[in-house]
Amino acid sequence: SQKIEQNSEALNIQEGKTATLTCNYTNYSPAYLQWYRQDPGRGPVFLLLIRENEKEKRKERLKVTFDTTLKQSLFHITASQPADSATYLCALHTGGFKTIFGAGTRLFVKA
Amino acid sequence: AAGVIQSPRHLIKEKRETATLKCYPIPRHDTVYWYQQGPGQDPQFLISFYEKMQSDKGSIPDRFSAQQFSDYHSELNMSSLELGDSALYFCASSSGTSGYRETQYFGPGTRLLVL
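Just so you know, the protein sequences line up as chains Z and C, in that order. If you count the first sequence from 1, you need to add 3 to reach the working numbering. If you count the second sequence from 1, you need to add 33 to reach the working numbering.
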């Protein structure tokens, strides 16, 4: 069956360090993969999109990698700040208009 | 900039009642998506509309229906409500004309509580 897995446990890191979040998927061949940020009680906010023919994408302190052989995406936040504390969702486009979200990883950045 | 508007923001209903959630997409966005997110869960795709036609369907119960109107706003109708329908319901919109259809812009959500 099709599945998306993200670190189920919360990630606690110290301010200034790099946070690395993992998204693994099985039985999908997504054309692209996205990362969203979600704060409690609010809607997800789009961060980055990476296509199947791209290896890496950067935006300010954010970096996403996409390995279609490993079926894995890594999401990095460098020089992390307490304001980066949130849940980060990986989302796959599975064809048509359907988007499947992972369960998300909660990130806590301590000052 | 204008964002996705959802109404109401909070809704309390009794079991077996009916609820209607409304979504107003960002102006000139032609696609609307509905998601259901239970406590501590990921957003579950329910249904989407493109140019007022249903474009894709996910895990939407038969008790639910939705449509997109001529002004592109969308309504999610939920009947025979069950306790398990209590969740946050998000609407998102996107635009193909911008070249970034893949980017979905989410509304603030409607929190539905079924008692």
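For each residue, glycine too, the CB sits at the ideal point set by N, CA and C.
>> Which residues in chain C have a C-beta closer than 9 Å to the C-beta of Gln75 (chain Z)? List them in chain order.
In response: The premise fails here: Gln75 (chain Z) is roughly 18 Å from chain C at the closest Cβ pair, so nothing lies under 9 Å.
>> For chain Z, check one thing: does any of its Cβ atoms lie closer than 9 Å to the Cβ of Glu84 (chain C)?
In response: no
>> Taking only three categories from DSSP, how would you classify Leu73 (chain Z)?
In response: coil
>> Cutting at 7 Å between CB atoms, please list the residues of its own chain near Pro141 (chain C), excluding the five before and the five after it.
In response: Gln39, Arg42
>> Quick check: Pro47 (chain Z) and Gln69 (chain C), are their CB atoms within less than 9 Å of each other?
In response: no
> What residues of chain C sit near Gln37 (chain Z), judged by a beta carbon separation below 9 Å?
Replying inline: Glu135, Thr136, Gln137
> Would you call Asp75 (chain C) buried or exposed, if buried means 16 or more other Cβ atoms sit within 10 Å of its Cβ?
Replying inline: buried
>> Can you tell me which residues form a DSSP beta bridge with Asn56 (chain Z)?
In response: In the DSSP output, where bridge partners are listed per residue, Asn56 (chain Z) has none listed.
> Counting pairs of beta carbons, one from the region 85-105 of chain Z and one from the region 32-42 of chain Z, are three or more of them closer than 8 Å?
Replying inline: yes
> Checking contacts by CB at 9 Å: is Pro47 (chain Z) closer than that to chain C?
Replying inline: yes
>> For a contact defined as C-beta to C-beta under 8 Å, what are the partners of Phe100 (chain Z) on chain C?
In response: Thr64, Tyr66, Ser81, Tyr83, Ser88, Asp89
> DSSP three-state call for Leu116 (chain C): helix, strand or coil?
Replying inline: helix
>> Just to confirm the assignment, what range does the beta strand (DSSP E) spanning Gln9 (chain Z) have?
In response: 6-9
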